[in-house]
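Read through the structure below, which is laid out as structure tokens, and then see the notes.
Chains as they are written, first to last, in this note's numbering: chain S, 55 to 163; chain C, -16 to 98.
Laid out in structure tokens, this is it:
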């Protein structure tokens, strides 16, 4: 069974701080996607990375796919209250996405 | 262009009743996925369907659960003889291709409560 472990599970920070969320697996994935989910809604895609070592930036968010395609990280610079939500990584292999355990981020003003 | 539509948003069932959850994918999307989410947890894959075919049902319990995606109409996730442990949010997602690399578009889920 392919598992994706995310850490930390919960994160509470002040506005303006930086943070990193990690997504780790013992399995190799063909692609890695990151989603953000807000209460009462479905997840929304943030980014897809497909190449080992790939780095993608989305404004204050930086995503990296590990060289061996087994892990990924999400770094947020100068977090804002609007970044609050559940962050989910998801590994793509064969015919479906396997989701990580999730990181609940709360950013206080 | 309407997104993925799920209904009902909230469903309350007594133990032993049946629950039917509906999902209309985005226009042009022929791949549908069902996921289950417990509070403060990630999403657990249940089943992947294309029109009229179940492609992968490895995440769906063998008993009481079934899914279909007919040629016409929405995809249906059916749970027979519900038990309290079935209480969760059930999300449907669609994509134009197999989700190997393509993004999934999620609905806002159906929250099932079994009393």
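Idealized CB from N, CA, C, for every residue including glycine.
Looking at C-alpha atoms only, which residue of C:65, C:47, C:49 is the closest neighbour of residue -3 of chain C?
Distance from the Cα of residue -3 of chain C is smallest, within the candidate group C:65, C:47, C:49, for C:65.
Let me check understanding here. Comparing Cα to Cα, which of S:80, S:141, S:120 lies closest to residue 155 of chain S?
Considering only alpha carbons, the answer is S:141.
Taking 8 Å as the CB-CB limit, is residue 8 of chain C close to chain S?
no
When you check each C-beta in the segment 75 to 94 of chain C against every C-beta of chain S, which residues fall closer than 7 Å?
81, 82, 83, 84, 86, 87, 89, 90, 91, 92
I want to verify the contact list: residues of chain S whose CB lies under 8 Å from the CB of residue 16 of chain C, in sequence order.
150, 151
Within 8 Å, do at least three Cβ pairs link the segment 20 to 30 of chain C to the segment 58 to 78 of chain C?
yes
If you reduce the DSSP assignment to three classes, tell me which class residue 125 of chain S lands in.
Of the three classes helix, strand and coil, the one that applies to residue 125 of chain S here is strand, per DSSP.
Pick out the complete alpha helix (DSSP H) segments inside the segment -7 to 28 of chain C, 4 residues or longer, and give them in chain order.
none
Quick test of your reading: residue -8 of chain C and residue 93 of chain C, contact by CB under 8 Å. State the CB separation rounded to the nearest angstrom.
6 Å
Check the Cβ of residue -1 of chain C against every Cβ in chain S and list those closer than 8 Å, keeping chain order.
Within 8 Å Cβ-Cβ: nothing; residue -1 of chain C doesn't reach chain S, min ~28 Å.
Kindly list, in the order they appear in chain S, the residues whose Cβ is closer than 9 Å to that of residue 48 of chain C.
Contacts between residue 48 of chain C and chain S, judged by CB atoms closer than 9 Å, are missing: the closest CB pair is about 16 Å apart.
Tell me which residues share the same chain as residue 144 of chain S and place their Cβ nearer than 6 Å to its Cβ, disregarding the 5 neighbours each side in the sequence.
These residues qualify, in order along the chain: 87, 151, 153.
With 7 Å as the C-beta to C-beta threshold (strictly closer), list the residues of the segment 23 to 50 of chain C near chain S in chain order.
Within the segment 23 to 50 of chain C, the residues whose Cβ lies closer than 7 Å to some Cβ of chain S are 23, 24, 25, 26, 28, 31, 38, 39, listed in chain order.
Give a yes or no on whether the C-beta atoms belonging to residue 103 of chain S and residue 113 of chain S are separated by under 8 Å.
no
Quick check on residue 28 of chain C: buried or exposed, where buried means 16 or more other Cβ atoms within 10 Å of its Cβ?
buried
Chain A partners of residue 154 of chain S, CB-CB under 8 Å?
Annotation note: the requested chain A is absent from the structure, which comprises protein chains S and C.
Is the CB of residue 97 of chain S under 8 Å away from at least one CB in chain C?
yes
What are the residues in the segment 72 to 101 of chain S lying within 9 Å of chain C by C-beta distance?
84, 85, 87, 89, 91, 94, 95, 96, 97, 98, 99
In chain C, which residues lie less than 7 Å from residue 104 of chain S when you measure between Cβ atoms?
84
In the structure shown, what three-state DSSP assignment does residue 136 of chain S receive?
helix
Does the pairing of the segment 90 to 100 of chain S with the segment 129 to 136 of chain S give three or more beta-carbon distances under 8 Å?
no
Beta-carbon separation of residue 149 of chain S and residue 81 of chain C under 8 Å?
yes
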